[in-house]
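Participant: Below you will find the structure I want to go over with you.
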Amino acid sequence: MAARRKEDLLYGVTDKTSAEQALQEASSGYQASQAVQNAQNQLEQYMQSKPGEYTSGYQQKIDGLLDQILNREGFSYDFSTDPMYKTYKNQYVHQGKLAMQDSMAGAAALTGGYGSSFAMAAGSQAYQGYLNQLNDKIPELYQMALDRYDSEGKGMHDALDQLMSVEKSAHDAYKDQVDSYYKGLDRYMDMADSAYKKDYGEYQDLLESLTDMRDYYASQDQQEFQRRQDELAHELAVKKFEESIRQWQAEQEAAAARQAESTRRWEIEQANAQQKWREQMALNRERLAYKKSLPKKKEKETKRPVFPSKDLTKKEKFDLYIGEMGSNHKKKSSLKKKDKAEVRRDFMMGGIGSIMR
Numbered sequence: 001m002a003a004r005r006k007e008d009l010l011y012g013v014t015d016k017t018s019a020e021q022a023l024q025e026a027s028s029g030y031q032a033s034q035a036v037q038n039a040q041n042q043l044e045q046y047m048q049s050k051p052g053e054y055t056s057g058y059q060q061k062i063d064g065l066l067d068q069i070l071n072r073e074g075f076s077y078d079f080s081t082d083p084m085y086k087t088y089k090n091q092y093v094h095q096g097k098l099a100m101q102d103s104m105a106g107a108a109a110l111t112g113g114y115g116s117s118f119a120m121a122a123g124s125q126a127y128q129g130y131l132n133q134l135n136d137k138i139p140e141l142y143q144m145a146l147d148r149y150d151s152e153g154k155g156m157h158d159a160l161d162q163l164m165s166v167e168k169s170a171h172d173a174y175k176d177q178v179d180s181y182y183k184g185l186d187r188y189m190d191m192a193d194s195a196y197k198k199d200y201g202e203y204q205d206l207l208e209s210l211t212d213m214r215d216y217y218a219s220q221d222q223q224e225f226q227r228r229q230d231e232l233a234h235e236l237a238v239k240k241f242e243e244s245i246r247q248w249q250a251e252q253e254a255a256a257a258r259q260a261e262s263t264r265r266w267e268i269e270q271a272n273a274q275q276k277w278r279e280q281m282a283l284n285r286e287r288l289a290y291k292k293s294l295p296k297k298k299e300k301e302t303k304r305p306v307f308p309s310k311d312l313t314k315k316e317k318f319d320l321y322i323g324e325m326g327s328n329h330k331k332k333s334s335l336k337k338k339d340k341a342e343v344r345r346d347f348m349m350g351g352i353g354s355i356m357r
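Take the sequence shown: its letters are residues 1 to 357, numbered as in the working numbering.
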């Protein structure tokens, strides 16, 4: 992503909408910058200069010379076919003939000019002497031929060594050229890769920046919306609280009125109950005093009837309980224990008024 394009996208963001539009545009795909394109073009141009396959200019000669060396016949010598031998032969035969003629002429002079076997023998001996010298040349000619064969072989090997040295130099130069190419290729690839990584990293940074800006503006909008919602909720809560206070005050006033009326009625009931209590207590004291004034006589005790508690009212249970309290406690009570406990509980919790109702 080009730096100018990045700045254009970033500087154009002022709110959530523009941030989303810029992010959508940037997310459509990565586009290589001019620097990346230039680096890639340089790499492609350099790759076109790659050396071709190595072609030897000496291999054909090397192969031909090596074939000659490997297929060369072994040394053999035939003096009859040796030109040098033929040259020496012509010279020695010619000299042998001359020597033979000279010998025969000398022998003839000695014999008065007449041919004789002596002259023939002398001439033949002179001729044979030159032929013997020719034969003595054969070992020398053999060695010379062998030296020529060895020298020729050494020359072929030397020529092969020179060709192979030249070929090695040419191949080394080609290898140096290939090595230099690949070193340069590494440099251009590193340049292209670095340019791409830098540019793509800026592109990723742009996406991240636009995402952060979008999230920031979205958060700002959300906070503003939440603030407005909180204000509305606060206003509604205040209204509800004020209404609940008014309702509570009304309920408290109504409850206070009910409580005052209940208290007034309770006080009247308590006063009436206390009056009845005092009258009952006075009556019980009179009964007790009367019973104490009577003479004691032994009478057969009769079993007091036990009233079914479920048929008695609270007041009847209370009167019966009070009456038993004023009588002999050793007699069996007409009330059950749970009824006595109920009378005592009602009296302790509600007073006489709760029993007399």
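Note that CB positions come from ideal geometry on N, CA and C, so glycine has one too.
(1) For ASN38, which of MET191, THR87 and LEU207 has the nearest alpha-carbon?
(2) Going by CA-CA distance only, name the one from GLN95, ASP136 and ASP193 that's closest to ALA35.
(3) Does the distance from the C-beta atom of LEU66 to that of LEU160 stay below 8 Å?
(4) Are three or more beta carbon pairs between the region 50 to 68 and the region 211 to 226 nearer than 8 Å?
(5) In angstroms, rounded to a whole number, what distance separates the CA positions of SER151 and VAL166?
(6) Under 8 Å, with one C-beta from each stretch per pair, do the region 62 to 76 and the region 210 to 219 reach the 3-pair mark?
(7) In chain order, what residues of the same chain lie with their CB nearer than 6 Å to the CB of VAL178, ignoring the 5 residues before and after it?
(8) How is SER33 classed by DSSP in three states: helix, strand or coil?
(9) With DSSP run on the structure shown, which of helix, strand or coil describes LEU294?
(10) Exposed or buried, SER76, counting other C-beta atoms within 10 Å across all chains shown (16 or more means buried)?
(11) Do LEU131 and GLY96 have their beta-carbon atoms positioned less than 8 Å apart in this structure?
(12) From the DSSP output, in three-state form, read off GLN128 for me.
(13) Thinking just about the alpha-carbon of each residue, which of MET144, GLN133, LEU232 and ALA32 is nearest to the one in LYS197?
(14) For LEU146, which residues in the same chain have their Cβ closer than 8 Å to its Cβ, ignoring the five residues on either side in sequence?
(15) Where does ASP176 land, buried or exposed, given buried means 16+ other C-beta within 10 angstroms?
(16) Taking a contact to mean a Cβ-Cβ separation below 8 Å, would you say TYR92 touches GLN125 in this structure?
(17) Can you look up ASP78 in the DSSP assignment and give me helix, strand or coil?
(18) Quick one, are the C-beta atoms of SER80 and ALA170 less than 8 Å apart?
(19) Which residue's Cα is closest to the Cα of GLU25: TYR58, LEU206 and VAL343?
(20) Taking its Cβ as the centre, do 16 or more other Cβ atoms sit within 10 Å of VAL13, making it buried, or is it exposed?
(21) Buried or exposed for ALA22, going by 16 or more other Cβ atoms inside 10 Å?
(22) Thinking LEU185 and TYR58 are a contact (beta carbons under 8 Å), I'd like their distance in whole angstroms, please.
(23) Please report how far the alpha carbon of LYS337 lies from the alpha carbon of ARG344, in whole angstroms.
(24) On the three-state DSSP scale, how would you describe GLU316?
(25) Can you tell me where the alpha helix (DSSP H) holding GLU25 begins and where it ends?
(26) CB LEU43 to CB TYR188, shorter than 8 Å?
Facilitator: For this structure:
(1) Ranked by Cα distance from ASN38, the first of MET191, THR87 and LEU207 is MET191.
(2) If you compare the alpha carbons of GLN95, ASP136 and ASP193 with that of ALA35, the shortest gap goes to ASP193.
(3) In this structure, the beta-carbon distance from LEU66 to LEU160 falls below 8 Å.
(4) The count of Cβ pairs closer than 8 Å, one atom from the region 50 to 68 and one from the region 211 to 226, stays below three, leaving the stretches out of contact.
(5) The C-alpha of SER151 lies about 22 Å from the C-alpha of VAL166.
(6) Fewer than three beta-carbon pairs drawn from the region 62 to 76 and the region 210 to 219 are found closer than 8 Å, and the two stretches are therefore not classed as touching.
(7) Excluding its 5 nearest sequence neighbours in each direction, VAL178 has C-beta neighbours in its own chain below 6 Å: PRO51, listed in chain order.
(8) In this structure, DSSP gives SER33 a state outside helix and strand, which the three-state scheme calls coil.
(9) LEU294 falls in the coil class under three-state DSSP.
(10) Classification for SER76: exposed.
(11) In this structure, GLY96 lies near LEU131, with their beta-carbon atoms less than 8 Å apart.
(12) In this structure, DSSP gives GLN128 a helical state, which the three-state scheme calls helix.
(13) Minimum Cα distance to LYS197 is reached at ALA32.
(14) Here the set comprises PHE75 and TYR77.
(15) Of the other Cβ atoms in all chains shown, fewer than 16 fall within 10 Å of the Cβ of ASP176; this residue is therefore exposed.
(16) Contact flag unset, no.
(17) For ASP78, the three-state secondary structure derived from DSSP is coil.
(18) No; because the gap between Cβ atoms is not below 8 Å, this pair is not in contact.
(19) With distances taken between Cα atoms, GLU25 lies closest to LEU206.
(20) VAL13 is buried by the Cβ-count criterion.
(21) Answer is buried; the Cβ neighbour count reaches 16.
(22) LEU185 to TYR58, Cβ: 29 Å. No contact.
(23) The alpha-carbon of LYS337 is positioned some 11 Å away from that of ARG344.
(24) In this structure, GLU316 counts as helix in the three-state DSSP scheme.
(25) 16 to 26 is the span of the alpha helix (DSSP H), which, as asked, contains GLU25.
(26) Yes, they are a contact pair.
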